[in-house]
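Undergrad:
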Amino acid sequence: MLRINNFEFSTSFRENNKNPSAVNHVQDKDNMCNLAYLPYYRPFTPSFNARWFNASDNKFQKAKEYFNKKYDELEDNKKRWNRNYLSAYNLDTLDGIQEGIPVFKGMTMKEIYFLTHYLKEIAVHRGCHNMCVHCYAEAKPPLLLKTEKDKSEKINQMSYEDYCALAEGFKELDKRLKGLLFEERELYLALFHDADCSDISIKDKQGNEHDFTELVDIMYEATQLPQVFDTSGWNPKDKKVQQKMEKLVQYFLQDGNSEKFCFFNVSLNPFHSTNARYVKYIESDPQKAMKYRNIYTDRMANVLYTLTPIIRNNKFEFISRAFDNTHAGGYTEQALKELIDEILVKLENKYIEDIKCGNLKYVKNMEHMKSIMETIKNKAESIDTLRLAQGRAVNLVDKDDILFQRRKMILEEYDIPESAVESSRFNAIIDANGKVYMTNYLLTYPTEIQLNFENKNKKTADIKPDLQEKILSKAMIEKKF
Ligand code: SF4
């Protein structure tokens, strides 16, 4: 596993911090406690501090002694087996090591292990306006919170304070477990479930916005897990998002920051709602259809233009998805190829215009432009044809289609939460209110696990796809380990 076990704060990260004067850092290596309050973290609370450093806490002490003994034993064995993973520990005996970490209050070590082992998505921002037909999360626009009552009862975003408490909790527990918390899991983490990353930013109690770059810094620093950035594009007339994305490009180019990403993806597909309107109207009203087509191709040409400085980075990829050519026109591989060609013509025109005007921000000359266009064509060449009917695309395939039949088989296989709890095909999602869900991206089970968030009593939109009524219980998790 490539993960780096970094038990200390990265100096450069702290130096990069906007308000280093607010850093309050307390460290006690013997007690495996490292209270580091970054500027964006909650204000220092003496009772919390006292709790963490209460060496007389019996449960914590016993768990710590067990952990240290077992850790040394496994480190010795490591020479032979080359592994020291949390799965080799007795999680009942280890229970207590998490004592005093506020965000895990009320959770057992088995539940925390289950969560961190399967965690793939932290849904910091809920909802998306793109309404892509194939969206596995069946994303819809954010809930409308019009009245004060709505605002007091529902949320569309994780609070910044909860996000920081989560990162702080991960960091502290990982420290106590000598870096084993995320050691045996998949490498990456996504800060979204049903959102486009270009939309992501969350607010703190003072109303200050914290954008994607800041959220990446915080979670990467806490977990050392690289993040995923996915976008299906943004409206080029939206100046705020455009500026955010230009800032993100600069951030990505700064030393060390690309290491915080596993993938930087642009989705090129025929399923975006704007292109879906083109498909809908092309027979009945070609003029109207072309209006939508142009909006979409302009939009994506601007996305590629804005991201030009990072397009050659090996983490930059296209997610190009379509139905295979045996399916209905408009959403096929062939239709996507035509769509990509149209986008690339518009992009090339933008570069040529720049060269003519002497604006050499993205391309220096014709040769440079050709080489960038070549890279884009190569990266966009590979199209992934859908193997399952997912999301709203279910309505585009016949019930006897192989894509539908495969979907049906998987749904039947996992029709009870007991089957999901035993499966490695399910991933955990933390919702904006701290509730934990398990999904295989065809169906989703709510669990009884919830993080101790300040917004834990707020409602959110249903986590999709296909949210089940049956609950994956704590008893099932207890039985699993
Ligand atoms: S696929 Fe992504 S961009 Fe499209 S609707 Fe879903 S979350 Fe939004």
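Read left to right, the sequence shown gives residues 1162 to 1642 (my numbering). Beta carbons: idealized from backbone N, C-alpha and C, even for Gly. Note that the structure is a prediction, hence the values are computed from the model and not measured.
(1) Apart from the five residues on each side of it in sequence, which residues of its chain come closer than 8 Å, Cβ to Cβ, to K1498?
(2) Report yes if the C-beta of C1293 is less than 6 Å from at least one heavy atom of ligand 1; otherwise report no.
(3) Take M1530 and list the residues in its own chain whose beta-carbon comes closer than 6 Å to its own, dropping the five residues that flank it on each side.
(4) With which residues is Y1606 paired in a DSSP beta bridge?
(5) Given that a residue counts as buried once 16 or more other Cβ atoms are within 10 Å of its Cβ, and exposed if not, what is D1576?
(6) How is D1485 classed by DSSP in three states: helix, strand or coil?
(7) Please list, in chain order, all residues of the same chain as N1436 whose beta carbon is under 6 Å from its beta carbon, the five residues on each side excluded.
(8) With DSSP run on the structure shown, which of helix, strand or coil describes A1284?
(9) Could you have a look at K1400 and say whether DSSP puts it in helix, strand or coil?
(10) Does any heavy atom of ligand 1 sit closer than 6 Å to the C-beta of A1351?
(11) Does the structure place the segment 1439-1455 close enough to the segment 1356-1367 that three or more beta carbon pairs sit under 8 Å?
(12) Decide if I1591 is buried, meaning its Cβ has at least 16 other Cβ atoms within 10 Å, or exposed.
(13) Taking just the CA atoms, how far does E1282 sit from L1276?
(14) So, do the segment 1328-1344 and the segment 1456-1472 have three or more beta carbon pairs nearer to each other than 8 Å?
(15) Under 6 Å from any heavy atom of ligand 1, does the C-beta of S1320 make it?
(16) I'd like the list of long-range same chain contacts for D1559, defined as Cβ closer than 8 Å, with 5 residues on each side in sequence excluded.
(17) Tell me the DSSP secondary structure of V1264 in three-state form.
(18) Whose CA, out of Y1381, K1398, E1375, lies closest to the CA of K1408?
(19) Could you name the residues that DSSP lists as bridge partners for N1245?
(20) Between C1358 and ligand 1, is there a pair consisting of the residue's CB and a ligand heavy atom that are separated by less than 6 Å?
(21) Classify G1595 as buried or exposed, calling it buried when 16 or more other Cβ atoms lie within 10 Å of its own Cβ.
(22) Quick one: which unbroken alpha helix (DSSP H) runs of 4-plus residues sit fully inside the segment 1399-1472? Chain order, please.
(23) If we ignore side chains and look at the alpha-carbon of each, how far apart do Y1321 and H1371 end up?
(24) Measuring only the C-alpha atoms, how far is L1505 from S1634?
(25) Say yes only if the C-beta of A1550 is nearer than 6 Å to one or more non-hydrogen atoms of ligand 1, and no if none qualify.
(26) Looking at ligand 1, does it come within less than 6 Å of S1393, judged from the CB to the closest heavy atom?
(27) In the DSSP assignment, what residue or residues form a beta bridge with F1642?
(28) Looking at the structure shown, is L1557 part of a helix, part of a strand, or coil, going by DSSP?
(29) For a test of your reading of the model: does the CB of D1399 fall under 6 Å from any non-hydrogen atom of ligand 1? Yes or no.
(30) Which residues in the same chain have their Cβ closer than 7 Å to the Cβ of G1267, if we skip the five residues on either side of it in sequence?
(31) Taking all protein chains shown into account, decide if M1527 is buried (16 or more other Cβ within 10 angstroms of its Cβ) or exposed.
(32) Sort out for me which residues DSSP pairs I1590 with in a bridge.
(33) Does the beta-carbon distance from I1316 to A1589 come in below 7 Å?
(34) Does DSSP put I1632 in a helix, a strand or coil?
(35) Would you please state the rounded distance, in angstroms, between the beta carbons of V1464 and C1423? I believe it to be under 8 Å.
(36) Cβ of D1545 within 6 Å of any heavy atom in ligand 1?
TA: So, from the listed chains and residues:
(1) Walking along the sequence shown from the start, residue 1498 turns up at place 337. If we look at K1498 and ignore the five residues flanking it on each side, its Cβ neighbours are I1544.
(2) Stepping through the sequence shown from its first residue, residue 1293 is reached at position 132. Flag set: Cβ of C1293 near ligand 1.
(3) As a first step, residue 1530 is located in the sequence shown; it is residue number 369 there, counting from the start. Excluding positions up to five away in sequence, the list reads Y1512, V1524.
(4) Translated into positions along the sequence shown, residue 1606 becomes position 445. Its beta-bridge partners are M1599.
(5) Along the sequence shown, one-based indexing puts residue 1576 at 415. With fewer than 16 other Cβ atoms within 10 Å, it is exposed.
(6) Numbered from its first residue, the sequence shown carries residue 1485 at position 324. Correct three-state label for D1485: coil.
(7) Along the sequence shown, one-based indexing puts residue 1436 at 275. Only Y1457 meet the Cβ criterion.
(8) Taking the sequence shown and counting its residues from 1, one reaches residue 1284 at position 123. Coil at A1284, not helix or strand.
(9) Taking the sequence shown and counting its residues from 1, the one referred to as residue 1400 is at position 239. Helix, per DSSP.
(10) The residue given as residue 1351 occupies position 190 in the sequence shown. Result no, Cβ not under 6 Å from ligand 1.
(11) no
(12) For the purposes of this step, residue 1591 is taken as residue 430 along the sequence shown, with counting starting at 1. Classification for I1591: buried.
(13) Residue 1276 sits at position 115 when you count from the first residue of the sequence shown. Residue 1282 sits at position 121 when you count from the first residue of the sequence shown. Straight-line Cα distance between these residues: approximately 11 Å.
(14) no
(15) Here the question's residue 1320 lines up with position 159 in the sequence shown. S1320: no, Cβ never under 6 Å from ligand 1.
(16) Locating residue 1559 in the sequence shown gives position 398, where the first residue counts as 1. Hits under 8 Å: F1565.
(17) For the purposes of this step, residue 1264 is taken as residue 103 along the sequence shown, with counting starting at 1. Helix at V1264.
(18) Taking the first residue of the sequence shown as 1, we reach residue 1408 at position 247. When only C-alpha atoms are compared, the closest one is E1375.
(19) Position 84 of the sequence shown holds residue 1245. Answer is none; N1245 lacks a bridge partner.
(20) Along the sequence shown, read from residue 1 onward, the residue named residue 1358 stands at position 197. No.
(21) The count along the sequence shown starts at 1 and reaches residue 1595 at position 434. The residue is buried, with at least 16 neighbouring Cβ atoms inside 10 Å.
(22) 1400-1414, 1434-1442, 1447-1467
(23) Residue numbering aside, residue 1321 sits at position 160 when the sequence shown is read from its first letter. Residue numbering aside, residue 1371 sits at position 210 when the sequence shown is read from its first letter. Near 8 Å, if we compare the C-alpha coordinates of H1371 and Y1321.
(24) Reading the sequence shown from its first residue, position 344 is the one you call residue 1505. Reading the sequence shown from its first residue, position 473 is the one you call residue 1634. Using only the alpha carbons, I get a separation of about 50 Å.
(25) Working through the sequence shown from its first residue, we reach residue 1550 at position 389. It does not: the Cβ of A1550 is nowhere closer than 6 Å to a heavy atom of ligand 1.
(26) Translated into positions along the sequence shown, residue 1393 becomes position 232. Indeed, a heavy atom of ligand 1 lies less than 6 Å from the Cβ.
(27) For the purposes of this step, residue 1642 is identified with residue 481 of the sequence shown, where counting begins at 1. For F1642, which the question treats as bridged, DSSP gives no partner whatsoever.
(28) Sequence index remark: in the sequence shown, residue 1557 carries index 396 (1-based). The answer is helix: DSSP assigns L1557 an H, G or I state.
(29) Along the sequence shown, one-based indexing puts residue 1399 at 238. Outside the cutoff, so no.
(30) Within the sequence shown, the letter at position 106 stands for residue 1267. Taken in chain order, the residues that qualify are N1613.
(31) Residue 1527 sits at position 366 when you count from the first residue of the sequence shown. Exposed, because fewer than 16 other Cβ atoms sit within 10 Å of the Cβ of M1527.
(32) On the sequence shown, position 429 is the one that residue 1590 refers to. Its beta-bridge partners are E1282, Y1598.
(33) Against the sequence shown, residue 1316 aligns to sequence position 155. Against the sequence shown, residue 1589 aligns to sequence position 428. The answer is no: Cβ separation not under 7 Å.
(34) Residue 1632 sits at position 471 when you count from the first residue of the sequence shown. The answer is coil: DSSP assigns I1632 none of H, G, I, E or B.
(35) The residue you call residue 1464 lines up with position 303 of the sequence shown. The residue you call residue 1423 lines up with position 262 of the sequence shown. Between C1423 and V1464 the Cβ distance is about 20 Å, and since that is not below 8 Å, they are no contact.
(36) Within the sequence shown, the letter at position 384 stands for residue 1545. No, since every heavy atom of ligand 1 falls outside the 6 Å radius drawn around the Cβ of D1545.
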